[in-house]
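S.K.: Can you keep this structure in mind? I'll have questions shortly.
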Amino acid sequence: MNRLQNKVAIITGSGAGIGKEIATAYAKEGASVVIADFNEEALQSTVSELTESGYSAFGVKVNIANEEDVQKMVSSTIEHFGRIDILVNNAGVGDNMQAAANVEDDVWNRVMNINVTGVMRCIRQVLPHFEKNGSGTIVNMASLAGVMGGRGGLTYTAAKHAVVGMTKNVASHYGPLGIRSNAIAPGHVETGFSAAMNNIDPFGMKQSTRGVGMMTRAGQVTDISNIALFLASDESSLINGIVVTADGGWSAY
1 MNRLQNKVAI ITGSGAGIGK EIATAYAKEG ASVVIADFNE EALQSTVSEL TESGYSAFGV
61 KVNIANEEDV QKMVSSTIEH FGRIDILVNN AGVGDNMQAA ANVEDDVWNR VMNINVTGVM
121 RCIRQVLPHF EKNGSGTIVN MASLAGVMGG RGGLTYTAAK HAVVGMTKNV ASHYGPLGIR
181 SNAIAPGHVE TGFSAAMNNI DPFGMKQSTR GVGMMTRAGQ VTDISNIALF LASDESSLIN
241 GIVVTADGGW SAY
């Protein structure tokens, strides 16, 4: 208990799913959490659940692809809690498993704006505060598609590879300043993420799920939140610039 005592954490996309589970795990370990999500109803519901359970939580509506929203998210956190210690870049969208020949420009632009540019914007805004503190931790949500070539649509795969690259770049450049940056690469996790996709590309889906039978089981949100908690805590203080693959061995078959 109290592994994150007196820490302040921003978790994007934390109104539901993996993000909500991470925020809850952090709050239970003593952190004050900022529930940042585009879905205002979901974020307010999560904030209410946490505060009614006696935890410290604050909500802010944010579209991470919008610079003004990201600035507001960070400034509101500083105004409300006085500091920022942890950033979890969890918010993201899928690409309907579109294979390379079937990529649509609007899908490409949306995924890149949120999954890549949005992550960059959040990192860019918190780093000055981390530098001022002399410490800080970033946990990026990558994907198995970010470390393998064939586990997702082209756009999503490219975007998550970019997240992995940003993770390592920040770790390398800012590690000497006491700032850590790591990523989690889940395989299949039982959330509403896949269910929210529509107009799925049959060819892309077929090719991306080859070998899925080699998975020992589907992941649960708690599997990912446990890793996120470890990476945010001092227990992982020597870990910087790594990607934790959480897929039950799917990528090892």
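Position 27 of the sequence shown, counting from 1, maps to 27 under UniProt numbering, and the rest follow consecutively.
Where a beta carbon is used, it is the ideal one built from N, C-alpha and C, also for glycine.
Quantities reported herein were computed from a predicted structural model and do not represent experimental measurements.
Is DSSP giving Asp234 helix, strand or coil here?
M.R.: The residue labelled residue 234 in the question sits at position 234 within the sequence shown. Three-state DSSP puts Asp234 in a helix.
S.K.: Are the CB atoms of Trp108 and Gly187 nearer to each other than 7 Å?
M.R.: Locating residue 108 in the sequence shown gives position 108, where the first residue counts as 1. Locating residue 187 in the sequence shown gives position 187, where the first residue counts as 1. No, they are not a contact pair.
S.K.: Would you mind working out which of Gly92, Ala232, Gly241, Pro202 sits nearest Ala27, comparing C-alpha positions?
M.R.: As a position in the sequence shown, residue 27 is number 27, starting the count at 1. The residue with the shortest Cα to Cα distance from Ala27 is Ala232.
S.K.: So Ala92 packs on Asn115, CB below 8 Å; how close in whole Å?
M.R.: As a first step, residue 92 is located in the sequence shown; it is residue number 92 there, counting from the start. As a first step, residue 115 is located in the sequence shown; it is residue number 115 there, counting from the start. The amino acid occupying residue 92 in the given sequence is Gly; Ala does not appear at that position. Yes, Gly92 and Asn115 are in contact; Cβ-Cβ is about 5 Å, under 8 Å.
S.K.: Considering just the uninterrupted stretch of the beta strand (DSSP E) at Asn182, what are its terminal residues?
M.R.: Taking the sequence shown and counting its residues from 1, the one referred to as residue 182 is at position 182. That run of the beta strand (DSSP E) goes 179 to 186.
S.K.: Among Val47, Val111, Asn96, Asn169, which has the Cα closest to the Cα of Ile123?
M.R.: Along the sequence shown, one-based indexing puts residue 123 at 123. The candidate whose alpha carbon is nearest that of Ile123 is Asn169.
S.K.: With 16 other CB atoms within 10 Å as the buried threshold, where does Met1 fall?
M.R.: In the sequence shown, the residue the question calls residue 1 occupies position 1. Per the 10 Å Cβ criterion, exposed.
S.K.: Determine the DSSP secondary structure at Ala36, reduced to helix, strand or coil.
M.R.: Your numbering for residue 36 matches position 36 in the sequence shown. Strand, per DSSP.
S.K.: In the DSSP assignment, find the unbroken beta strand (DSSP E) run with Met97 in it and report its ends.
M.R.: In the sequence shown, the residue the question calls residue 97 occupies position 97. Here Met97 belongs to no beta strand (DSSP E), and DSSP marks it neither H nor E.
S.K.: Just the Cα atoms here: how many angstroms apart are Val70 and Ser56?
M.R.: By 1-based counting over the sequence shown, the position of residue 70 is 70. By 1-based counting over the sequence shown, the position of residue 56 is 56. Between Val70 and Ser56, the C-alpha separation is close to 21 Å.
S.K.: When you compare only the Cα positions, how much space is there between Gly118 and Ala65?
M.R.: Position 118 of the sequence shown holds residue 118. Position 65 of the sequence shown holds residue 65. Straight-line Cα distance between these residues: approximately 5 Å.
S.K.: Take Val221 as the anchor and find which of Ala185, Val163, Val8, Ser172 has the nearest alpha-carbon.
M.R.: Numbered from 1 along the sequence shown, position 221 holds the residue referred to as residue 221. Checked all of Ala185, Val163, Val8, Ser172; the closest Cα to Val221 is Ala185.
S.K.: Within 10 angstroms of the Cβ of Ser237, are there 16 or more other Cβ atoms? Answer buried if so, exposed if not.
M.R.: Position 237 of the sequence shown, counting from 1, holds the residue named residue 237. Under this definition Ser237 is an exposed residue.
S.K.: Which first and last residues belong to the beta strand (DSSP E) in which Asn89 is found?
M.R.: For the purposes of this step, residue 89 is identified with residue 89 of the sequence shown, where counting begins at 1. Segment 86 to 89, the beta strand (DSSP E) holding Asn89.
S.K.: In the structure shown, what three-state DSSP assignment does Asn115 receive?
M.R.: Here residue 115 is taken as the residue at index 115 of the sequence shown, counted from 1. Reduced to three states, the DSSP call for Asn115 is helix.
S.K.: Taking C-alpha atoms, which residue in Ala9, Gly149, Gly15, Asp95 lies nearest to His80?
M.R.: Along the sequence shown, read from residue 1 onward, the residue named residue 80 stands at position 80. Minimum Cα distance to His80 is reached at Ala9.
S.K.: Given that a residue counts as buried once 16 or more other Cβ atoms are within 10 Å of its Cβ, and exposed if not, what is Leu43?
M.R.: On the sequence shown, residue 43 is found 43 positions in, with the first residue counted as 1. Classification of Leu43: buried, given that the 10 Å Cβ count is 16 or more.
S.K.: Go ahead and label Ser14 buried or exposed: buried means 16 or more other beta carbons lie within 10 angstroms of its beta carbon, across all protein chains shown.
M.R.: Numbered from 1 along the sequence shown, position 14 holds the residue referred to as residue 14. Per the 10 Å Cβ criterion, buried.
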